[in-house]
Amino acid sequence: MRNIAIIAGKEVQESLRNRWVLATTILMAALALTLTFLGSAPTGSVGVHPLDVVIVSLSSLTIFLLPLIALLISHDALVGEMERGTMLLLLSYPVARWQVLLGKFAGHLGILAFATVLGYGAAALALVTTGVAIEAGSLRAFAQMIGSSILLGAAFIALGYLISALARDRGTAAGAAVGAWLVFVLIYDMALLGLLVADQGRTISAALLNALLLLNPTDVYRMFNLAGSADVSAFAGMSGLADTVMLAPAVLLAALGGWTVLPLAVAAVAFSRREL
Amino acid sequence: MSATVEIAGVSKRYRDVEALRDVTFALKAGEIVALVGHNGAGKTTLLKLMLGLIHPTAGTIRVLDENPAAGEFAARRRLGYLPENVSFNPALSGREILSFYARLKREPVAGALALLDRVGLGEAARRRVATYSKGMRQRLGLAQALIGEPLVLLLDEPTTGLDPALRLSFYEIVQDLRAKGATVVLCSHALTELERRADHVIIMNRGVLVADGTIEELRGIARLPTRIRLTGVNCDTGPLRAWMGPVGPWRTIDGGTIEIEAAASEKIELIRRATREGTPVADVDVLPPTLDELYAHFLRGAGAAG
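From first to last, the protein sequence lines are chains E and X.
One point on numbering: in our numbering, the residue at position 169 of the first sequence is 169, and numbering is uninterrupted.
Heads up, our numbering is the position in the second sequence plus 276, with the first residue counted as 1.
This is the structure in structure tokens:
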């Protein structure tokens with residue numbers, strides 16, 4: 001446990017030093033603030049809940065941005081250290097490989113959580129200071145959005161480690177990370193959409209669709225946030241989907257958790273078998 | 277003293293490359309071991325096996341009475357390792373890196389930081405490693421290997437990038453640890469440096485152990501001739517050769533000096549003859565075979581046998 005904390009601490013220290021934390025937080029805050037004010041401008045006059053609009057735009061942003069940041073910081077974590085030769089020295093110390101992996105995971109997740117809470121929190125705070133009335137329900141949905149964003153980040157950090165543990169060199173890892181991002185964020189949904197259109201509802205049942213959506217962490221996240229609460233889903237244009245897809249929030253959260261634990265476990269096995 | 281490192285019948289195969297073949301040796305506490313061999317002879321593989329970073333294909337390894345690859349960490353706390361081409365995260369300072377490694381070994385951070393002064397990095401301790409020269413990084417690598425007074429120290433090419441003064445202070449540190457009962461393994465190509473310092477020499481060739489013993493033992497096994505250099509009084513080699521009578525192979529070094537290759541059995545007799553009453557010999561130098569020569573000899577032998 002202490003080893004994990006020591007390694008996590010070093011990871012955070014390094015990220016602070018090479019300004020990853022600063023850059024990520026500023027990027028998240030800037031985009032969140034932009035979306036908050038641009039996004040609420042047209043809705044302010046018609047009196048819908050402004051925070052719900054922010055949730056819709058921020059979670060759409062999260063689906064693109066957070067997996068990218070997570071993969072960027074994680075794909076290099078193992079193979080990069082192996083290539084630079086620092087891993088050899090680290091593993092000669094009294095520390096197990098799974099502890100190295102979990103320590104790095106804790107450190108990277110901490111950085112991502114910090115940036116998300118601060119960046120998105122700034123957006124909510126900015127909205128409050130402009131004097132807009134915010135309902136408790138919206139606030140809860142917003143907190144849930146931040147929490148599930150961190151979970152989505154965790155899933156992609158874990159995927160990044162899996163890539164890092166399997167890749168032969170840093171270049172391959174970077175390529176695979178970009179590929180993973182494209183597949184999960186863009187291609188999977190397009191392919192699914194194409195499939196649904198082509199199928200015309202003949203063979204793909206709601207249950208199968210549920211299963212297919214669970215196979216992509218970004219879809220799980222989308223379902224959780226955009227179809228989760230009635231108000232939000234109305235703005236998100238997801239109410240139609242929300243009617244047919246009936247997955248409890250707990251199931252969705254568990255799916256995101258699974259998307260974190262499973263790649264992490266496979267990465268740990270692959271890393272422990274790897275010869276340095 | 278019991279053995280600190282025991283390697284018994286160890287082989288290691290990477291896919292289709294046989295890195296080590298049936299290697300057996302034991303290292304004792306309080307000795308400096310020179311592990312020598314060409315690139316690719318299996319030195320680094322041996323070190324990695326001792327560290328438990330890789331598993332042997334066959335055979336057993338015990339380091340401080342523990343199997344290093346079994347995931348037990350009691351022994352690793354008493355182990356220091358300096359990899360070849362050591363590298364650190366350039367964004368952190370020397371102090372930060374050393375305190376990180378000290379915490380991993382559960383050693384007091386203050387004691388570890390004192391090592392920075394010992395390797396001459398005291399002033400640069402708060403600077404980022406990115407600003408360090410090659411020699412400074414090597415010294416930082418040495419400092420981390422010394423954390424917690426290790427009982428077994430594995431150093432891969434430890435003196436590359438060190439200037440002569442630092443080399444000397446490095447060997448002082450090594451002698452210190454040896455006096456305290458540590459086993460210090462030095463992998464190096466600088467054979468002349470090791471010659472005067474190593475208590476135990478292990479020569480590897482293409483994954484096979486070709487020689488294992490003290491340098492005296494190796495000299496005995498190799499039976500290489502000792503070279504005796506004689507300098508004449510009058511800068512003339514003629515009278516020298518006449519005085520010495522029949523000898524083994526010899527050659528002229530320069531105008532006044534000849535060098536005779538003497539087998540171990542004739543060495544004393546030749547020296548006696550050179551120093552008899554009325555000798556034209558002004559100076560005698562006895563040069564036993566160097567580690568370089570022994571190394572070349574054993575590699576040739578291995579080549580002939582293989």
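Note that beta-carbon positions come from the ideal geometry of N, C-alpha and C, so glycine has one too.
These numbers come from a predicted model, not from an experiment.
- Using a Cβ-Cβ cut-off of 8 Å, X:E372 counts as an interface residue toward chain E, since at least one Cβ of chain E sits closer than that to its own.
- When DSSP states are grouped into helix, strand and coil, X:H573 belongs to the helix group.
- For X:V299, the uninterrupted beta strand (DSSP E) run begins and ends at 293-304, by DSSP.
- Under the DSSP assignment, E:A254 falls in the alpha helix (DSSP H) whose first and last residues are 249-273.
- Rounded to whole angstroms, the Cβ separation of X:G437 and X:G398 is 19 Å, and the two are not in contact under 8 Å.
- Listed along chain X is no residue with a C-beta nearer than 8 Å to that of E:K104; the closest approach is about 13 Å.
- By the criterion of a C-beta distance shorter than 8 Å, E:L33 is surrounded in its chain by A122, A123, A126, once the five residues flanking it on both sides are discounted.
- Interface flag for X:S409 against chain E is unset, since no Cβ pair is found closer than 8 Å.
- In summary, the residues of the stretch 357-370 of chain X whose CB is separated from some CB of chain E by less than 7 Å are Y357, P359, N361, V362, S363, F364, N365, A367, L368, in the order they occur in the chain.
- In the DSSP assignment, E:R17 falls within the unbroken alpha helix (DSSP H) covering 2-17.
- Close CB contacts of X:D475 within its chain, under the 6 Å cut and outside five residues either way in sequence, are with E307, I308 (chain order).
- Between the alpha carbons of X:R548 and X:H573 lies a gap of roughly 28 Å.
- Three or more Cβ pairs drawn from the stretch 478-487 of chain X and the stretch 315-329 of chain X lie within less than 8 Å of each other, which places the two stretches in contact.
- Residue E:V54 holds the alpha-carbon nearest to the alpha-carbon of E:Y120 among E:V54, E:P94, E:V269, E:R19.
- Straight through space, the alpha carbons of X:R379 and X:A279 are spaced by roughly 28 Å.
- Shortest Cα-Cα distance from X:A351 to any of X:G328, X:T435, X:L570, X:T407 involves X:G328.
- With its beta carbon at least 8 Å from every one in chain E, X:R402 lies outside the interface.
- Taking the Cα of X:L391 as reference, the smallest distance to any Cα among X:E425, X:H314, X:K324, X:A310 is reached at X:E425.
- Within the stretch 76-98 of chain E, the residues whose Cβ lies closer than 7 Å to any Cβ of chain X are, in chain order, R84, G85, T86, L88, L89, L91, S92, Y93, P94, V95, A96.
- A Cβ-Cβ contact shorter than 8 Å links E:L264 with E:F105.
- Annotation: the continuous alpha helix (DSSP H) that includes E:D189 extends over 188-199.
- In this structure, the straight-line span from the alpha carbon of X:G347 to that of X:I337 is close to 13 Å.
- Scanning X:E492, X:L368, X:G514 for the CA closest to the CA of X:T566 turns up X:E492.
- DSSP, read as helix, strand or coil, puts X:H476 in strand.
- Three or more Cβ pairs drawn from the stretch 14-30 of chain E and the stretch 107-118 of chain E lie within less than 8 Å of each other, which places the two stretches in contact.
- In the DSSP annotation of this structure, the continuous segment of the beta strand (DSSP E) that includes X:T533 starts and ends at 533-538.
- Residue contact check for E:R17 against chain X: a CB pair falls below 8 Å.
- Rounded to the nearest whole angstrom, the CA to CA distance from E:G103 to E:A141 is 30 Å.
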